[in-house]
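In the working numbering, the protein residues as written are 52 to 191. No residue lacks a Cβ here, since even glycine has one placed at the ideal position from N, Cα and C.
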Ligand code: ADP
Ligand code: MG
């Protein structure tokens, strides 16, 4: 069994609409265990650091403005094939093309305000987890 940990976020468009519980329920029902979780209102600078790989993309300013516009839930999810499982239940970046039944299809407002984040590789997951959590905050 390939037990993995990945990093996920419930983004400000979702916390604003009181969807933390609904999204958490979908993650848990997908077989993911929340082993760390906290609510943060990140600064613009923290958002820029987190999304540094996208710094030359045209949407970088909108993205970091949005991510610092309200509270976010940052989480560590653990489970069998947690990376792929999380990406699968989240759905495609753009809700217009996301599969039916996915979090983004159900809840996302747009390609930018798309309700959730999930790491895209084991290396990214390790970096993203360490960006928000001390190892003592992760309790499996
Ligand atoms: P994902 O979150 O699905 O891994 P990316 O890593 O490509 O997607 O992009 C990071 C985030 O940047 C997306 O979740 C979304 O919030 C935003 N984003 C991506 N592409 C666009 C776009 N074309 N226009 C506006 N925002 C975008
Ligand atoms: Mg990504």
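Where residue i falls, given that 16 or more other Cβ within 10 Å makes a residue buried
i	result
residue 83	buried
residue 158	buried
residue 91	exposed
residue 66	buried
residue 69	exposed
residue 173	exposed
residue 95	exposed
residue 188	exposed
residue 167	buried
residue 146	buried
Other residues of its chain near residue i: CB distance less than 8 Å, five sequence neighbours each side excluded
i	result
residue 54	129, 130, 131, 133
residue 106	99
residue 123	60, 61, 62, 63, 66, 90, 91, 92, 93
residue 115	95, 98, 99, 102
Proximity test, residue i beta-carbon vs the ligand ADP heavy atom, cut-off 7 Å
i	result
residue 15	Any answer about residue 15 is impossible in this case: the structure gives the chain only from 52 up to 191.
residue 163	yes
residue 64	no
residue 78	no
residue 114	yes
residue 144	yes
residue 101	no
residue 58	no
residue 158	no
residue 184	no
Same chain only: Cβ atoms within 7 Å of residue i, ignoring 5 sequence neighbours per side
i	result
residue 170	57, 58, 134, 176, 179
Proximity test, residue i beta-carbon vs the ligand MG heavy atom, cut-off 7 Å
i	result
residue 171	yes
Cutoff 6 Å; reference residue i; Cβ partners in own chain excluding five residues on either side
i	result
residue 143	149
residue 126	59, 85, 88
In DSSP terms, what residue i is bridged to
i	result
residue 108	Its beta-bridge partners do not exist; DSSP assigns none.
Every unbroken beta strand (DSSP E) within the stretch 62 to 94, with a cutoff of 3 residues, ordered by chain
Annotation: the stretch 62 to 94 contains the following complete segments of the beta strand (DSSP E) (minimum length 3 residues), in chain order: 84 to 91.
Which complete beta strand (DSSP E) runs does the stretch 121 to 166 hold, if anything under 3 residues is left out?
Secondary structure within the stretch 121 to 166: the beta strand (DSSP E) runs of 3 or more consecutive residues, fully enclosed, are 123 to 131 (chain order).
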